[in-house]
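Residue numbers are given in the working numbering: position 92 of the sequence shown equals residue 121, and the series is strictly consecutive.
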Amino acid sequence: MSTLVIYLPQTAAEATLAYDYALTTDGDTASDHACVPPPLLPFAARGGEVVAVVPVALLSWHSVDLPKGIGVGSARLRPVLEGLLEDRLLDDAAQMHLAVAPASSAGSGSVWVAACDKAWLRRHLQALEAAGRRVGRVVPEFAPDIGPLRLHAISCASLPQLIMIGGGTQGVIRLPLTPAALSLVPDASAGENVLVFSEPAVAELAQQLLQRKLSLITWPQRLLEAARSPWDLAQSDLASSHRLRTVKHLTALGRKLLQSPAGRPVRWGLALLLIVNLVGLNVWSWQVQSTVQMRRVALAATLTQTFPQVKLVVDAPLQMERELALLRQASGAATNRDLEPILAALGSVARADLSLGAIEFMAGEARFKGLQLQVPEATDISEKLQRLGYAARQEEDTYFVKQVAAAGGPR
């Protein structure tokens, strides 16, 4: 399963516009990255995901309190957000795309709302879809965080930027990477609980200005980190149906378990569980086969010990039944397949005043002709004979009775 992460350019979508991308198969490392026009973008493997990243410069963040009864998926969410943000947005709220924080619900207190130009976002998504790269999720380059303060030094075409999130920061703060901007960084002198990341191109400048240990993060790694965000800006008129959103959420959860480092223990656990189940099934199958084989050997031994003349055992139960029938025949004892037991069985279940025209007996089957039986009576007699180990049926005025091998009655 692969993920294609595409960085949306800040300019309007054009046919010749190039898109930065990173392709990953495990969610941690980029197997490929470049900057190409939409038709040259790689395809995500079947079952993979295409994620679009909105630049930090094109997003504004606003904290609002949702009224009671308004939450994600509510039909009134969009009008309510437009009313709450009308005085905060520089542009007309109707021209802005608005998305609330994941898992936001009514009465949950302040929630973050992301805002960006709706026409700009829609044109880029349409351009990618026209090139056969349909975006499944839209994420911000940076999003508000409740963790420790994080500083990201990033390179830009005009001037290096310093992105500040977490640590009580209100939303996402974007500053120029200059000495003057350091006065706006909380706890800039303490250096405690501050995580600093920098792209290699501006690492020396960031080290010089911030005077603290920093971690290098490449451009493709930043794209992959953004793709791991729980945010999905494709809401409101850009959202899919509820069913598709549910499928997308479950797919993202499965991809997280399969690719993220945090899901490694779960993957190992599932693999071990599968192995244990396979081993257990094999052991159980071997035990069942061993038990069946032991029973076959015991039955064959019983047959050869009881009837020494049997040298080759093919079907022990059938051979034993035949040998017993030969013994009864030799001793003159009647079996359930003989005429006398059949007559006795029929006499025990039929009316005493029944009259017969003729009796024929052949190959263990008795034919009683001239029986005048109504259908209910014939059915009742057949059921009673079945309990005694005989199969019976009526054809016109002839009644057929014979012993069945699988009977539970006397033999």
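All C-beta atoms in this analysis are idealised placements derived from N, C-alpha and C, irrespective of residue type, glycine included. Model, not experiment: these values are computed from the prediction.
Beta bridge counterpart(s) of residue i as assigned by DSSP
i: residue 226; result: 181 and 244
i: residue 205; result: 190
i: residue 126; result: 145
i: residue 65; result: 48
i: residue 59; result: 53
For residue i, the three-state DSSP class (helix, strand or coil)
i: residue 315; result: helix
i: residue 131; result: coil
i: residue 384; result: coil
i: residue 5; result: The chain is shown from 30 up to 440; residue 5 falls before or after that span and cannot be answered.
i: residue 166; result: strand
i: residue 53; result: strand
i: residue 261; result: coil
i: residue 274; result: Because residue 274 carries a pLDDT of 48, less than 50, the predicted location of this residue cannot be relied on, and the following value inherits that uncertainty. If DSSP states are grouped into helix, strand and coil, residue 274 belongs with the helices.
i: residue 33; result: strand
i: residue 345; result: helix
i: residue 366; result: coil
i: residue 256; result: helix
i: residue 233; result: helix
i: residue 433; result: coil
i: residue 214; result: coil
i: residue 43; result: coil
i: residue 334; result: helix
i: residue 198; result: coil
i: residue 326; result: helix
i: residue 339; result: coil
i: residue 175; result: coil
i: residue 220; result: Here residue 220 scores only 49 on pLDDT, less than 50, and its place in the model is too uncertain to base an answer on.
i: residue 379; result: coil
i: residue 25; result: The question about residue 25 has no answer, for the chain in this structure spans 30 to 440.
i: residue 28; result: No answer is possible for residue 28: it lies beyond the span of the chain, which begins at 30 and ends at 440.
i: residue 300; result: helix
C-alpha distance - residue i paired with residue j, whole-angstrom precision
i: residue 263; j: residue 166; result: 6 angstroms
i: residue 268; j: residue 63; result: 28 angstroms
i: residue 322; j: residue 310; result: 18 angstroms
i: residue 94; j: residue 103; result: 15 angstroms
i: residue 46; j: residue 38; result: 8 angstroms
i: residue 139; j: residue 92; result: 6 angstroms
i: residue 86; j: residue 258; result: 17 angstroms
i: residue 270; j: residue 100; result: Since pLDDT at residue 270 reaches only 40, below the 50 mark, its modelled position is unreliable, and no value is offered.
i: residue 53; j: residue 261; result: 19 angstroms
i: residue 247; j: residue 120; result: 34 angstroms
i: residue 345; j: residue 331; result: 9 angstroms
i: residue 204; j: residue 213; result: 9 angstroms
i: residue 295; j: residue 169; result: 28 angstroms
i: residue 44; j: residue 301; result: 50 angstroms
i: residue 240; j: residue 208; result: 11 angstroms
i: residue 199; j: residue 304; result: 49 angstroms
i: residue 154; j: residue 315; result: 57 angstroms
i: residue 340; j: residue 360; result: 23 angstroms
i: residue 188; j: residue 197; result: 26 angstroms
i: residue 3; j: residue 73; result: What the structure shows of the chain is the stretch from 30 to 440, and residue 3 is not part of that stretch, so it cannot be assessed.
i: residue 30; j: residue 128; result: 28 angstroms
i: residue 211; j: residue 233; result: 16 angstroms
i: residue 202; j: residue 172; result: 10 angstroms
i: residue 402; j: residue 326; result: 49 angstroms
i: residue 132; j: residue 320; result: 56 angstroms
6 angstroms Cβ shell around residue i - same chain, five flanking residues per side excluded
i: residue 427; result: 396 and 398
i: residue 182; result: 191, 206, 227, 231 and 235
i: residue 184; result: 228, 230 and 231
i: residue 195; result: 174, 176, 177, 178 and 179
i: residue 457; result: Given that the chain is displayed from residue 30 to residue 440, the structure contains no residue 457 and the question cannot be resolved.
i: residue 162; result: 70 and 79
i: residue 66; result: 47
i: residue 16; result: It is not possible to answer for residue 16, since the shown part of the chain is limited to 30 through 440.
i: residue 126; result: 145, 147 and 150
i: residue 122; result: 111, 114 and 115
i: residue 265; result: 107
Proximal residues to residue i (C-beta, below 7 angstroms), its chain only, five neighbours per side dropped
i: residue 429; result: 394, 396, 421 and 422
i: residue 151; result: none
i: residue 368; result: 390 and 395
i: residue 333; result: 339 and 342
i: residue 378; result: 410, 413 and 414
Contacting residues, own chain, Cβ-Cβ under 8 angstroms from residue i (five flanking each side not counted)
i: residue 124; result: 146, 147 and 148
i: residue 222; result: 177, 178, 196 and 216
Identify every run of the alpha helix (DSSP H) within the segment 390 to 431, keeping only runs that are complete inside it and at least 4 residues long; order them along the chain.
-> 404 to 416
May I have a chain-ordered list of the beta strand (DSSP E) segments no shorter than 3 residues that lie completely inside the segment 67 to 121?
-> 78 to 83 and 89 to 94
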